[in-house]
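Novice:
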Amino acid sequence: VTASSQQIRHYAAPGEGTVPAAKQKYVPTTGIYPKGFLASSAHVGVKPSNTRFDDLCLIASSVPCSAAAVFTKNKFQAAPVTVSREIIKSRNGAGIRAVVVNSGCANAVTGAGGVEDAKAMGKETDRCFEEDGTESQTQDQSQTVVMSTGVIGQRLPLKKILHKIPTAYDTLGDTHAHWLRAARAICTTDTFPKLLSRPFTLPNSSTQYSLVGMTKGAGMIHPNMA
Amino acid sequence: TLLGILCTDAPIAPAALQSLLNSAIDKSFNSISIDGDTSTNDTVALLANGVGGGPQITGPESAGYAEMQTVLTDFAADLAKLVVRDGEGATKFVTIRVTNAADYADAKKVASTIARSPLVKTALYGKDANWGRILCATGYAEGVESVVPTETSVSFMPTDGSPELKLLVGGEPEAVDEKRAAEILEHEDLEIVVKLSETKGEEAVYYTCDFSHEYVTINGDYRT
């Protein structure tokens, strides 16, 4: 019984617990990040049991971006999937400013209300750009891609999330610590944050570009995206 | 659920960006499996703000498109591998390489079928060189006509650079050195090579993990 209980990995708040020793080698201690991108996280407490750990992630660009995405082909697509696909499609992949992600609740199989919740997350993020003057006018279509992960079949605690989006916006930064905290905030049952960055060059140019990527996932993983 | 956010300061037009992402996904996030379940929320987004400057990549004919495709695909594959390394309850990181298939789609279907097989995954957890289960999964890969039992070979490729351990050659079982098999299976990383024919053909690579008691414990504990 003791051995069994030690193995139990409860559905965790992001960042809960320490990274297992065997996995620490996969967590970067530094990075080379793309210019003009910022990252942050904030504590919402999407899961009521999460009283300490950040569960809201915001990635933003200082200028409007090209954006592309692939989405699950599962027929029960979550609200943020349908909303984000529509945003990118309607904008022809141009003019995107941010990605906002919550963990702890997937906003999946939540009906029309869930779709409105996902749209509200995007709109609230857009409003932060409008208020600081980096966006000159309100757009019909959101400039923010929305993602959620966690429990299926529950509505988001929307008021709590909307309340913390400005906090995430105000704490955006470009340091390794910002990126790592953001990567940790999207985790669910993950035992370590998954963050990579890499410089690269392209032919006929001396410019050094870079890529950053964060990902999450530990279970319910057999992606089939298009 | 799988979520991924990738950002670059390279200048890439939207249509080219979607095309680059599509091809990168095929050989990265769409080539992994932990438990065979496809989520309702899987999403990977790629943003390019162009702040790095330089000529914009607008399509496959643009200078730099092919190089960007290689950089992005390798990068996405490395990110995808991290997900597999954190598979719930996983103790092994397994690369499945299917070679000499009639086409890439066939190779990928076979690799995906092996990666999802609970019996293959439990054998790996139990450190058992059970080529029979690998072969069984290969044989029921749906819609793959190019699997010919008498031409199929299976081997383990150690990650320490030592020679492959042949388990099955041309449909005939090898006398397996169980001691060496056990040594190979002691490592966290393992590569399974399934050769569908002796004729040069297409190859697909898939990443998966083993299936342990802990996976059941975690997901038996989970409540919605």
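Keeping their order, the protein sequence lines are chains U and B.
For the record, in the first sequence the residue sitting at position 14 is 14 according to this note's numbering, with numbers rising by one throughout.
For the record, in the second sequence the residue sitting at position 116 is 342 according to this note's numbering, with numbers rising by one throughout.
Where is the CB? At the ideal position from N, CA and C, for every residue including glycine.
Taking the runs of the beta strand (DSSP E) that are 3 residues or longer, which of them lie wholly in the segment 348-396 of chain B?
Specialist: Qualifying beta strand (DSSP E) stretches, in chain order: 379-383 and 391-395.
Novice: The segment 290-303 of chain B: which residues have C-beta closer than 8 Å to a C-beta of chain U, in chain order?
Specialist: G290, E293, M294, V297, L298, F301 and A302
Novice: Buried or exposed: where does N92 of chain U fall if 16 or more other Cβ atoms within 10 Å of its Cβ makes it buried?
Specialist: For the purposes of this step, residue 92 of chain U is taken as the residue at position 92 of the first sequence. The residue in question, N92 of chain U, is exposed, as its Cβ has fewer than 16 Cβ neighbours within 10 Å.
Novice: Looking at C-alpha atoms only, which residue of B:I360, B:G290, B:N275 and B:C362 is the closest neighbour of A67 of chain U?
Specialist: Start at 1 with the first residue of the first sequence, and residue 67 of chain U comes out as number 67. For A67 of chain U, the nearest C-alpha among the options comes from B:N275.
Novice: Between I165 of chain U and chain B, is there a C-beta pair that is closer than 7 Å?
Specialist: Taking the first sequence and counting its residues from 1, the one referred to as residue 165 of chain U is at position 165. Not an interface residue.
Novice: Are the C-beta atoms of P286 of chain B and some chain U residue less than 7 Å apart?
Specialist: Walking along the second sequence from the start, residue 286 of chain B turns up at place 60. No, P286 of chain B lies away from the interface with chain U (no Cβ there is under 7 Å from its Cβ).
Novice: Using only alpha-carbon positions, find the residue among B:P384, B:D332, B:P281 and B:A328 that is nearest to A355 of chain B.
Specialist: Counting from one through the second sequence, the residue named residue 355 of chain B turns up at place 129. Of the candidates B:P384, B:D332, B:P281 and B:A328, the one whose C-alpha sits nearest the C-alpha of A355 of chain B is B:P384.
Novice: Contact criterion: CB-CB distance below 7 Å. Does L156 of chain U meet it with respect to chain A?
Specialist: Within the model displayed, chain A is absent; protein chains U and B are what it includes.
Novice: Measure the alpha-carbon distance for N204 of chain U versus A242 of chain B and round it to whole angstroms.
Specialist: In the first sequence, counting from the first residue as 1, residue 204 of chain U sits at position 204. In the second sequence, counting from the first residue as 1, residue 242 of chain B sits at position 16. Computed Cα separation, rounded: 18 Å.
Novice: Residues of chain B with a CB under 7 Å from the CB of Q24 of chain U: which are they?
Specialist: Locating residue 24 of chain U in the first sequence gives position 24, where the first residue counts as 1. Going along chain B, no residue has its Cβ under 7 Å from Q24 of chain U, so there is no contact; the nearest lies around 12 Å.
Novice: Taking its Cβ as the centre, do 16 or more other Cβ atoms sit within 10 Å of T76 of chain U, making it buried, or is it exposed?
Specialist: Stepping through the first sequence from its first residue, residue 76 of chain U is reached at position 76. The identity of residue 76 of chain U in the sequence shown is Phe, whereas the question assumes Thr. Exposed, since its Cβ has fewer than 16 Cβ neighbours within 10 Å.
Novice: Beta strand (DSSP E) containing K73 of chain U: first to last residue?
Specialist: Here residue 73 of chain U refers to the residue found at position 73 when the first sequence is read from its first residue. Segment: none, K73 of chain U is in no beta strand (DSSP E) and carries neither H nor E.
Novice: Below 7 Å on C-beta distance, what does R198 of chain U contact in chain B?
Specialist: Translated into positions along the first sequence, residue 198 of chain U becomes position 198. Under the 7 Å cutoff, chain B gives F301.
Novice: From what residue to what residue does the beta strand (DSSP E) around T325 of chain B run?
Specialist: For the purposes of this step, residue 325 of chain B is taken as residue 99 along the second sequence, with counting starting at 1. Residues F319 to A327.
Novice: Please report the residue range of the beta strand (DSSP E) in which K421 of chain B lies.
Specialist: Counted from its first residue, the second sequence places residue 421 of chain B at position 195. Residues D415 to K421.
Novice: What did DSSP end up calling F301 of chain B once you bin it into helix, strand or coil?
Specialist: Locating residue 301 of chain B in the second sequence gives position 75, counting from the first residue. F301 of chain B falls in the helix class under three-state DSSP.
Novice: Whole angstroms are fine: how far does the CA of G95 of chain U sit from the CA of V320 of chain B?
Specialist: In the second sequence, counting from the first residue as 1, residue 320 of chain B sits at position 94. In the first sequence, counting from the first residue as 1, residue 95 of chain U sits at position 95. Each residue's Cα considered, the two are about 40 Å apart.
Novice: Just mark Y433 of chain B as buried or exposed, buried being the case when its beta carbon has 16 or more other beta carbons within 10 Å.
Specialist: One-based indexing of the second sequence puts residue 433 of chain B at position 207. The residue is buried, with at least 16 neighbouring Cβ atoms inside 10 Å.
Novice: Any idea which residues DSSP pairs Y432 of chain B with across the strands?
Specialist: The residue you call residue 432 of chain B lines up with position 206 of the second sequence. Per DSSP, B:I322.
Novice: Whose CA, out of B:S381, B:D304 and B:V277, lies closest to the CA of L196 of chain U?
Specialist: Within the first sequence, numbered from 1, the residue matching residue 196 of chain U stands at position 196. Of the listed residues, the one whose Cα sits closest to L196 of chain U is B:D304.
Novice: Quick one: which chain B residues come within Cβ less than 9 Å of I32 of chain U?
Specialist: Here the question's residue 32 of chain U lines up with position 32 in the first sequence. Contact note: I32 of chain U does not reach chain B at a C-beta cutoff of 9 Å; the least C-beta distance is about 11 Å.
Novice: Can you list, in chain order, the residues of the segment 180-204 of chain U whose Cβ is nearer than 7 Å to any Cβ on chain B?
Specialist: I186, T189, D190, T191, F192, K194, L196, R198, F200, L202, P203 and N204
Novice: Determine whether the beta carbon atoms of A349 of chain B and R359 of chain B lie at a separation below 7 Å.
Specialist: As a position in the second sequence, residue 349 of chain B is number 123, starting the count at 1. As a position in the second sequence, residue 359 of chain B is number 133, starting the count at 1. Taking 7 Å as the Cβ cut-off, A349 of chain B and R359 of chain B qualify as a contacting pair.
Novice: Strictly under 7 Å for the Cβ-Cβ distance: is F129 of chain U near chain B by that measure?
Specialist: Along the first sequence, one-based indexing puts residue 129 of chain U at 129. Among the CB atoms of chain B, none fall inside 7 Å of the CB of F129 of chain U.
Novice: Can you pull the DSSP bridge partners for F37 of chain U?
Specialist: Here residue 37 of chain U refers to the residue found at position 37 of the first sequence. Note: F37 of chain U is bridge-paired with U:S61 in the DSSP secondary-structure output.
Novice: Closer than 8 Å is the cut-off here; do at least three beta carbon pairs connect the segment 54-62 of chain U with the segment 256-268 of chain B?
Specialist: no
Novice: Determine, using beta carbons only, whether L394 of chain B and V380 of chain B come nearer to each other than 7 Å.
Specialist: The count along the second sequence starts at 1 and reaches residue 394 of chain B at position 168. The count along the second sequence starts at 1 and reaches residue 380 of chain B at position 154. Against a cut-off of 7 Å, the Cβ pair of V380 of chain B and L394 of chain B comes out as a contact.
Novice: Excluding sequence positions up to five away, which residues of its chain have a Cβ less than 7 Å from the Cβ of G369 of chain B?
Specialist: Reading the second sequence from its first residue, position 143 is the one you call residue 369 of chain B. Once the five neighbours on either side are set aside, the close Cβ partners of G369 of chain B are K335.
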